[in-house]
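Asker: Chains as they are written, first to last, in the UniProt record's numbering: chain G, 1 to 149; chain Z, 1 to 149. All C-beta atoms, glycine included, are put in the ideal place defined by N, C-alpha and C.
Protein chains: 2
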Amino acid sequence: MSRERLLAALAEAGRKHGNTTVMFHTAVSARMGLGMTEEKTLDLLRRLGPLAAGEIAEHSGLTPASVSGLIDRLERKGFVRRTRDTEDRRRVIVEIRHDGIAGFGALFEDLVRGLEELYATYTDEQLELILDFLRRSAEVQRAATAGLG
Amino acid sequence: MSRERLLAALAEAGRKHGNTTVMFHTAVSARMGLGMTEEKTLDLLRRLGPLAAGEIAEHSGLTPASVSGLIDRLERKGFVRRTRDTEDRRRVIVEIRHDGIAGFGALFEDLVRGLEELYATYTDEQLELILDFLRRSAEVQRAATAGLG
DNA sequence: TCTCACATTTCGTTAGGCCGAACTAAATAA
DNA sequence: TTATTTAGTTCGGCCTAACGAAATGTGAGA
Numbered sequence: 001m002s003r004e005r006l007l008a009a010l011a012e013a014g015r016k017h018g019n020t021t022v023m024f025h026t027a028v029s030a031r032m033g034l035g036m037t038e039e040k041t042l043d044l045l046r047r048l049g050p051l052a053a054g055e056i057a058e059h060s061g062l063t064p065a066s067v068s069g070l071i072d073r074l075e076r077k078g079f080v081r082r083t084r085d086t087e088d089r090r091r092v093i094v095e096i097r098h099d100g101i102a103g104f105g106a107l108f109e110d111l112v113r114g115l116e117e118l119y120a121t122y123t124d125e126q127l128e129l130i131l132d133f134l135r136r137s138a139e140v141q142r143a144a145t146a147g148l149g
Numbered sequence: 001m002s003r004e005r006l007l008a009a010l011a012e013a014g015r016k017h018g019n020t021t022v023m024f025h026t027a028v029s030a031r032m033g034l035g036m037t038e039e040k041t042l043d044l045l046r047r048l049g050p051l052a053a054g055e056i057a058e059h060s061g062l063t064p065a066s067v068s069g070l071i072d073r074l075e076r077k078g079f080v081r082r083t084r085d086t087e088d089r090r091r092v093i094v095e096i097r098h099d100g101i102a103g104f105g106a107l108f109e110d111l112v113r114g115l116e117e118l119y120a121t122y123t124d125e126q127l128e129l130i131l132d133f134l135r136r137s138a139e140v141q142r143a144a145t146a147g148l149g
């Protein structure tokens, strides 16, 4: 395959790959009964650990009032727990209830298994190449997203 | 790096890559002033070509009433055009207005340029490997999504 | 103690997007 | 022609998730 064709094929494959990623993500959220904001918040908590309500407001750009409602919804669905900060009892700490999201791990089973099978077909060198590509490509996407802010 | 570590790193990198993909996608939609449904509809029209309102209803699972409003919004934003079917004048054909979407191509510029630069650092053989990986990995995601239906 | 500042919640409102029911217009059957 | 079905639209109502303003409870300094 000529390099030109190769690059064209990569553009197309990348587009499709992105599409399936978004679709999978959307399907998972729907199954968990989560809205966009709720899911983004869970992701925040996964990455940064327990946060105060105000910190969630900062990270998400929502007003404090909206965050209250957001936490209510997540709590009602069993995904997070509210705790009073013992240091500063005005603050409310929000933490993920791992027991609440555990049941949904099954949603990822097919994906995880499929990817494991896929990875199994590559040599270590090839996997290193793929790993590097994924990291650098994620960085490109991150930068492009920031450029849209 | 041991294969075990390699696989763990891939799982993590894959997760992050998926995240950045979704975030980029979300940011683009926001910039275009599109809701989730509107965007899904545009994607439908891109993939399947012009569709009748009723066909959009079938594909999206929305009621005809909702589709009417949906088309109104897309039309008002300049992304689609309504046409009467000349065969069956009850039917309304919805088609993408490429001139309406063209202005937003710039949103992808950074991403496209970044990926081109990234691809430029690989040999043809390496790109073939990446292409194959993207295709197979997209298929895994597609299958996993279908499994959630 | 008495403010005053701060973190969060509550309340009332608004905008978006969906639905069902009733409607118009066009095609089709009797 | 007339009755029925089909395709979309309009209307009114509802729900979700956001917001601003005011209330609540807590901390901290004079």
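1. Anything in chain Z within Cβ reach of Glu-55(G), meaning under 8 Å, just list it in chain order.
2. Check Leu-51(Z) in the structure and name its three-state DSSP category.
3. Whose CA, out of Arg-5(Z), Gly-18(Z), His-59(Z) and Arg-81(Z), lies closest to the CA of Arg-142(G)?
4. Could you check which residue in Phe-24(Z), Thr-83(Z), Glu-38(Z) and Glu-75(Z) has the C-alpha nearest to that of Ala-146(G)?
5. Closest to Glu-39(Z) by CA distance: which of Gly-54(Z), Thr-26(Z), Thr-83(Z) and Arg-89(Z) is it?
6. Relative to the C-alpha of Leu-148(G), which candidate in Leu-111(Z), Leu-127(Z), Leu-115(Z) and Leu-131(Z) has its C-alpha closest?
7. Is the CB of residue 210(G) under 8 Å away from at least one CB in chain Z?
8. Could you tell me which residues DSSP puts in a beta bridge with Arg-81(Z)?
9. Determine the burial state of Ala-13(G): buried for a count of at least 16 other Cβ atoms within 10 Å of its Cβ, exposed for fewer.
10. Residue ranges of each alpha helix (DSSP H) run of no fewer than 4 residues wholly in the UniProt domain "HTH marR-type" (3 to 139) of chain Z, ordered along the chain?
11. Closer than 7 Å between beta carbons: that is the criterion. Which residues of the segment 90 to 120 of chain Z meet it against chain G?
12. If you compare alpha carbons, which of Asp-43(Z), Tyr-119(Z) and Arg-135(Z) is closest to Val-80(Z)?
13. Any Cβ of chain Z within less than 8 Å of the Cβ of Gly-14(G)?
14. Mind checking if Arg-135(Z) is an interface residue toward chain G, Cβ cutoff 8 Å exclusive?
15. I'd like to know if Ala-138(Z) contacts chain G, where contact means its C-beta is closer than 8 Å to some C-beta of that chain.
16. Output the distance between the C-alpha atoms of Ser-137(G) and Glu-95(Z), rounded to the nearest integer angstrom.
17. For Thr-21(Z), return the contacting residues in chain G, with the cut-off set at a CB-CB distance below 7 Å.
18. Are Glu-128(G) and Leu-6(Z) close, meaning C-beta to C-beta below 8 Å?
19. Return the Cβ separation of Ile-93(Z) and Pro-50(Z) in integer angstroms, given the expectation that the two are a contact with Cβ distance under 8 Å.
20. Output the distance between the C-alpha atoms of Val-22(Z) and Gly-105(Z), rounded to the nearest integer angstrom.
21. Closest to Ser-2(G) by C-alpha separation, out of Asp-124(Z), Arg-135(Z), Glu-87(Z) and Ala-120(Z), would be which residue?
22. Out of curiosity, what's the CA-to-CA distance linking Asp-99(Z) and Thr-83(Z)?
23. Taking Cβ positions, are Val-140(G) and Leu-131(Z) nearer each other than 8 Å?
Answerer: Inspection of the coordinates gives the following:
1. Numbered from its first residue, the first sequence carries residue 55(G) at position 55. Ordered by position in chain Z, no residue passes the 8 Å Cβ test against Glu-55(G), which lies about 19 Å from the chain.
2. One-based indexing of the second sequence puts residue 51(Z) at position 51. DSSP places Leu-51(Z) in strand when its eight states are reduced to three.
3. The residue given as residue 142(G) occupies position 142 in the first sequence. Here the closest residue by C-alpha is Gly-18(Z).
4. Counted from its first residue, the first sequence places residue 146(G) at position 146. Closest in C-alpha terms to Ala-146(G), from the list Phe-24(Z), Thr-83(Z), Glu-38(Z) and Glu-75(Z), comes Phe-24(Z).
5. Position 39 of the second sequence, counting from 1, holds the residue named residue 39(Z). Answer by Cα proximity: Thr-26(Z).
6. In the first sequence, residue 148(G) corresponds to position 148, counting from 1. Out of Leu-111(Z), Leu-127(Z), Leu-115(Z) and Leu-131(Z), Leu-111(Z) has the C-alpha closest to the C-alpha of Leu-148(G).
7. For chain G, the structure presents residues 1 to 149; residue 210(G) sits outside this window and is missing.
8. Here the question's residue 81(Z) lines up with position 81 in the second sequence. As computed with DSSP, Arg-81(Z) is found in a beta bridge with Glu-95(Z).
9. For this step, residue 13(G) is matched to residue 13 along the first sequence. By the neighbour-count rule (16 or more Cβ atoms within 10 Å), Ala-13(G) is buried.
10. Taken in chain order, the complete alpha helix (DSSP H) segments of 4 or more residues contained in the UniProt domain "HTH marR-type" (3 to 139) of chain Z are 3 to 32, 36 to 48, 53 to 60, 64 to 76, 98 to 102 and 109 to 120.
11. For the segment 90 to 120 of chain Z, the beta-carbon criterion of a distance under 7 Å to any beta-carbon of chain G is satisfied by Leu-107, Asp-110, Leu-111, Gly-114, Leu-115, Leu-118 and Tyr-119.
12. Walking along the second sequence from the start, residue 80(Z) turns up at place 80. Ranking Asp-43(Z), Tyr-119(Z) and Arg-135(Z) by Cα distance to Val-80(Z) puts Asp-43(Z) first.
13. Sequence index remark: in the first sequence, residue 14(G) carries index 14 (1-based). A Cβ of chain Z is located within less than 8 Å of the beta carbon of Gly-14(G).
14. Residue numbering aside, residue 135(Z) sits at position 135 when the second sequence is read from its first letter. So yes, Arg-135(Z) belongs to the interface.
15. Position 138 of the second sequence, counted from the first residue, corresponds to residue 138(Z). Interface residue, yes.
16. For the purposes of this step, residue 137(G) is taken as the residue at position 137 of the first sequence. For the purposes of this step, residue 95(Z) is taken as the residue at position 95 of the second sequence. Separation of Ser-137(G) and Glu-95(Z) (C-alpha to C-alpha, rounded to the nearest whole angstrom) is 33 Å.
17. By 1-based counting over the second sequence, the position of residue 21(Z) is 21. Here the neighbours are Gly-18, Thr-21, Val-22 and Gln-141.
18. On the first sequence, position 128 is the one that residue 128(G) refers to. On the second sequence, position 6 is the one that residue 6(Z) refers to. The beta carbons of Glu-128(G) and Leu-6(Z) sit closer together than 8 Å.
19. Locating residue 93(Z) in the second sequence gives position 93, counting from the first residue. Locating residue 50(Z) in the second sequence gives position 50, counting from the first residue. Rounded, the Cβ-Cβ distance is 5 Å, consistent with contact.
20. As a first step, residue 22(Z) is located in the second sequence; it is residue number 22 there, counting from the start. As a first step, residue 105(Z) is located in the second sequence; it is residue number 105 there, counting from the start. Cα atoms of Val-22(Z) and Gly-105(Z): separation of roughly 18 Å, rounded to the nearest angstrom.
21. Counting from 1 along the first sequence, the entry for residue 2(G) is found at position 2. Of the listed residues, the one whose Cα sits closest to Ser-2(G) is Asp-124(Z).
22. Looking up residue 99(Z) in the second sequence gives position 99. Looking up residue 83(Z) in the second sequence gives position 83. Separation of Asp-99(Z) and Thr-83(Z) (C-alpha to C-alpha, rounded to the nearest whole angstrom) is 16 Å.
23. Indexing the first sequence from 1 puts residue 140(G) at position 140. Indexing the second sequence from 1 puts residue 131(Z) at position 131. It is not a contact, given that the beta carbons lie outside the stated cut-off.
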